[in-house]
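In structure tokens:
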């Protein structure tokens with residue numbers, strides 16, 4: 001995949017969100033307070049997310065890595081073709097873990113908004129057949145971090 005600067009990633013995310021919100025045809029605005037909690041000292045936090053315009057539709061995913069003092073290390077995004085939102089979320093986690101492993105970042109604190117993917121990676125819910133390979137890969141990579 002193509003590597004982008006953090007600014008380019010945020011610009012693409014903002015543009016995609018504005019396009020998505022505009023396509024919904026709603027003038028309603030809703031404010032929501034969000035916060036970021038740092039990982040334990042010495043750890044790196046990986047926030048991951050995936051998105052699709054429909055289900056199925058064009059999907060993309062990405063993740064942001066930050067140190068425990070909130071300093072950004074890396075923001076990266078991938079185009080995942082046409083699939084489902086759960087596929088995009090799963091690929092975000094998988095690609096993020098692979099990137100962390102490649103960079104030898106072994107103390108990773110993972111945070112994402114897809115309870116489905118987090119549960120599937122831990123084996124807590126039945127896996128959809130489309131996600132079986134992704135989830136098996138995620139579990140395998142997670143196990144390799146402790147080796």
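Numbering (full-length UniProt numbering), first residue to last: 1 to 147. Ideal Cβ positions, reconstructed from N, Cα and C, are used throughout, including at glycine.
Cβ-Cβ distances below 8 Å link residue 101 to 141, 144, 145 in the same chain, with the five nearest sequence neighbours on each side left out; the list follows chain order. The beta carbon of residue 41 is closer than 6 Å to those of 68 in its chain, skipping five residues each way along the sequence.
Distances from the alpha-carbon of residue 90 to those of 66, 130, 70 put 130 closest. Looking only at 93, 62, 70, 31, the smallest Cα-Cα distance to residue 122 is reached by 93. Secondary structure remark: continuous alpha helix (DSSP H) runs of at least 4 residues inside the UniProt domain "RNase H type-1" (47 to 146), in chain order: 85 to 102, 115 to 121, 132 to 145. Between residue 52 and residue 85, the CB-CB gap stays under 8 Å.
The beta carbon of residue 61 sits closer than 8 Å to the beta carbons of 48, 49, 50, 51, 77, 78, 80, 88, 89, 91, 92, 95 from its chain, once the five residues preceding and following it are set aside; these are given in chain order.
The beta carbon of residue 114 sits closer than 6 Å to the beta carbons of 89 from its chain, once the five residues preceding and following it are set aside; these are given in chain order. A straight line joining the alpha-carbon of residue 38 with that of residue 45 spans about 7 Å. Cβ atoms of residue 10 and residue 107 stay farther apart than 8 Å, at about 25 Å.
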